Structure formats: C-alpha cells, structure tokens
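To start, the structure under review is shown below, and the notes come after it.
2 protein chains.
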Amino acid sequence: MANSASGESIIGRFVKIVSAFDDRHTSMSVAELGRRTGLPVTTTYRLVNDLLLERLLEREPGGDIHIGTRMWELVSRGSKMLGLREAALPFMEDVQAVVQHSTTLGILDSDEVLYIERLGSDKTIVDITKIAGRLPVHATSSGLVLLAHSPAAYQDSFLARPLTKFTETTLTDPALLRRHLAEIRQRGFAAMPGVIVPESSGIAVPVFGPDNTVRAALSVVVPRNEENAAARVPVLLAAARGISRALGWRGELKGTLRQSH
Amino acid sequence: MANSASGESIIGRFVKIVSAFDDRHTSMSVAELGRRTGLPVTTTYRLVNDLLLERLLEREPGGDIHIGTRMWELVSRGSKMLGLREAALPFMEDVQAVVQHSTTLGILDSDEVLYIERLGSDKTIVDITKIAGRLPVHATSSGLVLLAHSPAAYQDSFLARPLTKFTETTLTDPALLRRHLAEIRQRGFAAMPGVIVPESSGIAVPVFGPDNTVRAALSVVVPRNEENAAARVPVLLAAARGISRALGWRGELKGTLRQSH
DNA sequence: GGAGGATTACCATTGAGCGGGAATCCTGAG
DNA sequence: CTCAGGATTCCCGCTCAATGGTAATCCTCC
Numbered sequence: 000m001a002n003s004a005s006g007e008s009i010i011g012r013f014v015k016i017v018s019a020f021d022d023r024h025t026s027m028s029v030a031e032l033g034r035r036t037g038l039p040v041t042t043t044y045r046l047v048n049d050l051l052l053e054r055l056l057e058r059e060p061g062g063d064i065h066i067g068t069r070m071w072e073l074v075s076r077g078s079k080m081l082g083l084r085e086a087a088l089p090f091m092e093d094v095q096a097v098v099q100h101s102t103t104l105g106i107l108d109s110d111e112v113l114y115i116e117r118l119g120s121d122k123t124i125v126d127i128t129k130i131a132g133r134l135p136v137h138a139t140s141s142g143l144v145l146l147a148h149s150p151a152a153y154q155d156s157f158l159a160r161p162l163t164k165f166t167e168t169t170l171t172d173p174a175l176l177r178r179h180l181a182e183i184r185q186r187g188f189a190a191m192p193g194v195i196v197p198e199s200s201g202i203a204v205p206v207f208g209p210d211n212t213v214r215a216a217l218s219v220v221v222p223r224n225e226e227n228a229a230a231r232v233p234v235l236l237a238a239a240r241g242i243s244r245a246l247g248w249r250g251e252l253k254g255t256l257r258q259s260h
Numbered sequence: 000m001a002n003s004a005s006g007e008s009i010i011g012r013f014v015k016i017v018s019a020f021d022d023r024h025t026s027m028s029v030a031e032l033g034r035r036t037g038l039p040v041t042t043t044y045r046l047v048n049d050l051l052l053e054r055l056l057e058r059e060p061g062g063d064i065h066i067g068t069r070m071w072e073l074v075s076r077g078s079k080m081l082g083l084r085e086a087a088l089p090f091m092e093d094v095q096a097v098v099q100h101s102t103t104l105g106i107l108d109s110d111e112v113l114y115i116e117r118l119g120s121d122k123t124i125v126d127i128t129k130i131a132g133r134l135p136v137h138a139t140s141s142g143l144v145l146l147a148h149s150p151a152a153y154q155d156s157f158l159a160r161p162l163t164k165f166t167e168t169t170l171t172d173p174a175l176l177r178r179h180l181a182e183i184r185q186r187g188f189a190a191m192p193g194v195i196v197p198e199s200s201g202i203a204v205p206v207f208g209p210d211n212t213v214r215a216a217l218s219v220v221v222p223r224n225e226e227n228a229a230a231r232v233p234v235l236l237a238a239a240r241g242i243s244r245a246l247g248w249r250g251e252l253k254g255t256l257r258q259s260h
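Chains as they are written, first to last, in numbering that gives the first Met the number 0: chain Y, 0 to 260; chain W, 0 to 260.
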C-alpha cells in the first residue's frame, strides 16, 4: 500500500507525524520528529516540507516545527465535535459555577473515554483528565456511564477482555461490573470513588442524542472525602438534559432503558 | 509533485477533502465529496478508504462520511491552540458573565482574523463570528487590534492592498487606517461600530505573549446602539492582562509601544 | 577550530497511486 | 414489479512521484 520499504502509505506516515505532537511536545526539530516517528531521515524532511507547503505544519523562528493553524482550523470547522461542544458548553459552565470542581464532557471512542471538553482546572484535587486526552472506560465514572448505555453486544465484548486494576476500588470483575452497569442505568448516574486515582471520585451522567442513544457523559471530579457527593447529582442531571435537548433530544421515549440488555 | 494527472500531491488532496467539510456540511456521501473536491471519482473512493482505515474519516450508518474522532483528537492534542484557549477560557467566562454579550478570542492568520474561541451565542444581536471561522482584519475590532500591534513591515504590506468596504463605517483608506491603528495602540483598545455588520459594534483589546508580542485579541460584540460601549473596556483590559500573564507575559517592559512604528 | 548534530542536495530505483471504464448495488418513482 | 439514475465497488495497465541511501553543507556550542 505504499512506495515505502516499510509498506506504509503516506496517510499512515502523516498520522505518525501528527501523533508525534502532544500536549507535552507541541513543537520539535525535524530531526527529533524523525526520531520520534521512526521514519527515515530524508523521508521525514521531504514529508515535512510538503506539509509546510500546505500549512498543515508550521515552522517557528527557531526552526522547530509545530502543528499548523490551518490544520486546526480545517479539522475544527468540519468536525462534529464542535457541535457537541457548543451545545454542552453553556450548561457545563453552569455546573462548574455551582459545583466548583472541574467539569468534563467525554465520549466513547475506540474502547476508551475521550474527553472533549473540560472546565475549571482545579489544582486542589487530583484530576488527570485532559482535553483530547483518553482514560480507560472501566476506571472512570464517565466511561461506566457510556458503557452502561451502550448496545448489549458492545458491553459483552468489552467485558470479555481483561481489565487493569488501578486502585483498590477499581472494578474488574465482569459479573460485578455488569451489575454495576445495571445500577447506573437504573439510577441514572455513576458515582465512582477513586477508581483511577485514590484521592478523587467522579460522578457522571449520560447525555442523549435525538435517536435516544448516548452521545456523551457529563461529569464532575470531586475530592473523595467529600461529605455527600451524591448531592451533586441533580445539578448534573439537569444540565445533561439541557445538553441533550440542545442536541435535538425530545424527552425520554418509552423504552429508554430497553436499549441495553 | 504528484502521481496525479493534475499534478497534486496526496497531501494537497487530503487538504481538499478535509476542506470540503465545514460547519454546514459535517457529513456527506463519498460521491458528493468527490464533486465538492473536484477529484476523479475512483481517486476519491480510494483516498477516502485510506483515510477511513486510519480513522481520519469515519463512516456513519447511512454511509455518509465525516471527519473522524481520531483526527480531531490528534490535531487538538498536538496543537498549540489548546494552550492558548485554556489560558484564555477562564477569563473569557468572567468577561462573558459581566458583559452578557458574546465574547471571542481571535488570532491573526493568513491576513485574516481566525476565531479560536467564542462564548455566549447571543441571539439578540448580530454576530457573525464562529469558532474556527474567519473574518477580514480591517473590518473587525479584533483584526484592527492585531494589526495595530503587528510589525510595521506587515502593516505596510497589508495596507498596500485594496480593502473591501462592508458598511458605511468600514475604514478602507490606508492613511486613515494608519492613524486609527496609532490610536488603538495608544488607547489600548479598538472600538469599531458596525464595520462589518451595521447593527453591532465590536470592542477588542490585545493579548500578549512572553516576548511581549501580540498573541491574540480578546473582544466582545455589543449592540451598536448601546449607551457607552466604552464602559466595557476596563473589564476587557483586565481579562486580557490575566490571559497574557497565564501565557507567560510578565508585565509591560519599557518599549512596549515601540514594537510597531 | 573542530566535533556533533541538524539540514539540504543529489539521484537511481520502483511500486503506489492513478483514473478510465465497466460491473454491481441501492433506492425511490411509476 | 420494473426501471432509471445515482452511488459504490472492481478491474487493470501505465507511469512518475515518492523513496531513502549517501554525501555535502550548515549551524552551534565548546
């Protein structure tokens, strides 16, 4: 599928190049980029030049490369994420204002939770969510909410594989998890104390789309020792309904709970 | 530079494909994509398949294509926009809360203003800014602020070209504009009534980076008939300083105004 | 001045990309 | 049910853009 000796397409290499950048490495020299991607030196330079021409990458004064403005623009403008984000943001602001802890919006992607938006970086508690960052499904409240409202077939396949135990409270037993998911569906929220980092607990509720399937999970991260974290739930539920409605959801149809199991 | 008869590289075609999507067209059939991009049918299908394999594009149940989650993720994670946005967001929320009109953050890119973030979609007034959307520099308060604090050489080249007159108040005369830019630098803000749409006016202030150059413009859009729009300025200035500081700016060095003209 | 790395230049080789054409699948109208 | 028009997939020979090694050049900091 490619001219390359290694059998990669240009697209594949493009992905490698873009993947080399992350929040800790927003810019680097071409040589370093070559090292990080593992691409042949010459090839890296040629490819980078092509990308510079299209402004998908940009060269900064020092010579280092970073992801181009144009790239951000094109992707942002055409992506469906923007719609979701814009629908959610006003409600998230309300939640954040009331709860005073960081509020996140996550979706399910490639068997992980991908965080789309996050408000209020609260230094006082441990919160490892990042925008465009990923966390495992079974070890986050958002993930469990998303999983709980996924098609049964997906749940089965997910629960079939081995799950990492991050802390004492991380659930890894399929049967136990399955019961937990049922509870989450019934109660309408997930409250998980310290399933990924011991010091904080997450509370999450589902956000629905027009077809009444889950689109995202809205959640807050609070200190684990908080008195009654459950008191946070109503605010979240109300906000989630607001977001759902903004997405075109029109109230719960009969059989909302039927979609899973 | 390409195998194609038309002499385009794959990268170029990739750009064409991604560009075919925007906020009004977040998904479409492959055939339509082919039409919009002008690429040969077969080529479109092959290319789309490659992109689907890498998850840069995604196929929805109906068969339509949209920009992939992975694409958004990679670009967002690696892009410097996120840093700017995250630094600005808290302050923008404050501004939005106080001013009660839509608040935007824009940067200068390819001789246009590119809006990075926008809070509060206020239906009561006309505001055509969109996230990842562009507007002309000389017809927006943000644009004029950015231009006013750009290197003199850039200003000269910009003012050398013909400028479109959008409304009665749009400034298009180079000499007049130049004087206006000086005022903006001196006063520290731009207040432009109806320069792009007659009904609303924008107020913008500069945001600085560590090297004391402009990074972005923070602005609000208010109804044009508002009593004293200038009263909004202090809030904006304060917020802009906050953002600048979050970006690593350390107070104004002597010679702040010297950088331009 | 010179060692070590980053960047550019050169160039022979070749298979990935190309795209026209035709077959097949879909879908909605009559 | 049939049929038309469009979307999608298959097929396939041609060809030149992409490849990546080697070597020269440019930096930059001891």
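Even for Gly, the Cβ is constructed at its ideal location relative to N, Cα and C. Computed from a prediction, not measured in an experiment: that's the story for all the values here.
For residue j and residue i, the rounded distance between their alpha carbons
{"i": "W/Asp63", "j": "Y/Ala30", "result": "39 Å"}
{"i": "W/Gly132", "j": "W/Arg84", "result": "15 Å"}
{"i": "W/Arg54", "j": "Y/Ile195", "result": "28 Å"}
{"i": "Y/Val125", "j": "Y/Ala239", "result": "24 Å"}
{"i": "W/Asp210", "j": "Y/Ala245", "result": "41 Å"}
{"i": "Y/Ala87", "j": "Y/Ser141", "result": "15 Å"}
{"i": "W/Thr255", "j": "W/Leu158", "result": "Residue confidence is low: W/Thr255 scores 46 on pLDDT, short of 50, so the model does not pin down where it sits. No coordinate-derived value is stated."}
{"i": "W/Glu7", "j": "W/Met80", "result": "29 Å"}
{"i": "W/Thr102", "j": "W/Lys164", "result": "24 Å"}
{"i": "Y/Thr68", "j": "W/Val14", "result": "13 Å"}
{"i": "W/Gly250", "j": "W/Ser18", "result": "40 Å"}
{"i": "Y/Glu182", "j": "W/Pro60", "result": "30 Å"}
{"i": "W/Ser28", "j": "Y/Ile106", "result": "24 Å"}
{"i": "Y/Gly119", "j": "W/Glu225", "result": "32 Å"}
{"i": "W/Gly37", "j": "Y/Leu236", "result": "46 Å"}
{"i": "W/Pro39", "j": "W/Ser26", "result": "19 Å"}
{"i": "W/Ala190", "j": "W/Ile202", "result": "4 Å"}
{"i": "Y/His271", "j": "W/Gly77", "result": "The requested residue 271 of chain Y is not part of the displayed model; chain Y covers only 0 to 260."}
{"i": "W/Glu116", "j": "W/Met91", "result": "9 Å"}
Run of the beta strand (DSSP E) containing residue i, from where it starts to where it stops
{"i": "Y/Ala189", "result": "189-192"}
{"i": "W/Val219", "result": "213-222"}
{"i": "W/Val97", "result": "Taken as a continuous stretch (DSSP letters only), W/Val97 belongs to no beta strand (DSSP E), being part of the alpha helix (DSSP H) at 80-98."}
{"i": "Y/Ala203", "result": "199-207"}
{"i": "W/Leu55", "result": "Run containing W/Leu55: none; DSSP gives neither H nor E here."}
Limits of the unbroken alpha helix (DSSP H) element including residue i
{"i": "W/His179", "result": "173-186"}
{"i": "Y/Arg69", "result": "68-77"}
{"i": "W/Leu158", "result": "151-158"}
Coarse secondary structure for residue i, derived from DSSP in three states
{"i": "Y/Ile10", "result": "helix"}
{"i": "Y/Asp108", "result": "strand"}
{"i": "Y/Arg249", "result": "coil"}
{"i": "W/His137", "result": "helix"}
{"i": "W/Leu38", "result": "coil"}
{"i": "W/Ala229", "result": "helix"}
{"i": "W/Thr168", "result": "coil"}
{"i": "Y/Arg257", "result": "With a pLDDT of only 44 at Y/Arg257, under the threshold of 50, the placement of this residue in the model should not be trusted; the figure read from the coordinates follows. Looking at Y/Arg257 - three-state DSSP - the assignment turns out to be helix."}
{"i": "W/Ala45", "result": "Looking at the sequence shown, residue 45 of chain W is not Ala but Arg. In the structure shown, W/Arg45 sits in a helix (DSSP, three-state: H, G or I)."}
{"i": "Y/Ser18", "result": "helix"}
{"i": "Y/Ile127", "result": "coil"}
{"i": "W/Arg277", "result": "In the structure displayed, chain W extends from 0 to 260; residue 277 of chain W sits before or after that span and is not available."}
{"i": "W/Leu113", "result": "strand"}
{"i": "W/Met0", "result": "The predicted position of W/Met0 is uncertain, since its pLDDT is 46 and thus under 50; no value can be drawn from it."}
{"i": "W/Leu143", "result": "helix"}
{"i": "Y/Leu118", "result": "strand"}
Integer-rounded CB distance, given that residue j should sit under 8 Å from residue i
{"i": "Y/Leu145", "j": "Y/Val221", "result": "Incorrect: roughly 19 Å between the Cβ atoms, too far for contact."}
{"i": "Y/Ile9", "j": "W/Leu50", "result": "Not a contact, Cβ separation roughly 11 Å."}
{"i": "Y/Val219", "j": "Y/Ile242", "result": "Incorrect: roughly 14 Å between the Cβ atoms, too far for contact."}
{"i": "Y/Thr171", "j": "Y/Pro197", "result": "Incorrect: roughly 16 Å between the Cβ atoms, too far for contact."}
{"i": "Y/Trp248", "j": "Y/Gly208", "result": "6 Å"}
{"i": "Y/Ala215", "j": "Y/Leu104", "result": "5 Å"}
Near-chain W residues of the segment 75-105 of chain Y (beta-carbon distance less than 9 Å), N- to C-terminal order: Listed in sequence order: Ser75, Arg76, Gly77, Ser78, Lys79, Met80, Leu81, Gly82, Arg84, Glu85, Leu88, Pro89, Glu92, Gln95, Ala96.
Using a Cβ-Cβ cutoff of 7 Å, what residues of the segment 176-198 of chain Y are near chain W? List them in chain order. Listed by position, the residues of the segment 176-198 of chain Y near chain W (Cβ gap below 7 Å) amount to none.
Positions along the segment 5-20 of chain Y whose CB lies within less than 8 Å of some CB in chain W: Taking 8 Å as the upper bound on Cβ-Cβ separation, chain W lies near residues Ser8, Ile9, Ile10, Gly11, Phe13, Val14, Val17, Ser18, Ala19, Phe20 of the segment 5-20 of chain Y.
Taking Cβ-Cβ distances below 7 Å as the criterion, which residues of the segment 147-159 of chain W are in contact with chain Y? Under the 7 Å Cβ criterion, the segment 147-159 of chain W contributes no residue.
Which residues, in order along the segment 127-142 of chain W, keep a beta-carbon less than 9 Å from a beta-carbon of chain Y? So the close ones are Lys129, Ile130, Ala131, Gly132, Arg133.
Would you list, in chain order, the members of the segment 235-248 of chain Y that have their beta-carbon closer than 7 Å to a beta-carbon of chain W? Nothing from the segment 235-248 of chain Y brings a Cβ to less than 7 Å from some Cβ of chain W.
Short-range partners of chain Y found in the segment 60-76 of chain W, where Cβ spacing is below 9 Å: Residues passing the 9 Å Cβ filter: His65, Ile66, Gly67, Thr68, Arg69, Met70, Trp71, Glu72, Leu73, Val74, Ser75, Arg76.
Under 9 Å (Cβ pairs) to chain W, residues found in the segment 19-46 of chain Y: From the segment 19-46 of chain Y, only Ala19, Phe20, Asp21, Asp22, His24, Thr25, Ser26, Leu46 have a Cβ closer than 9 Å to chain W.
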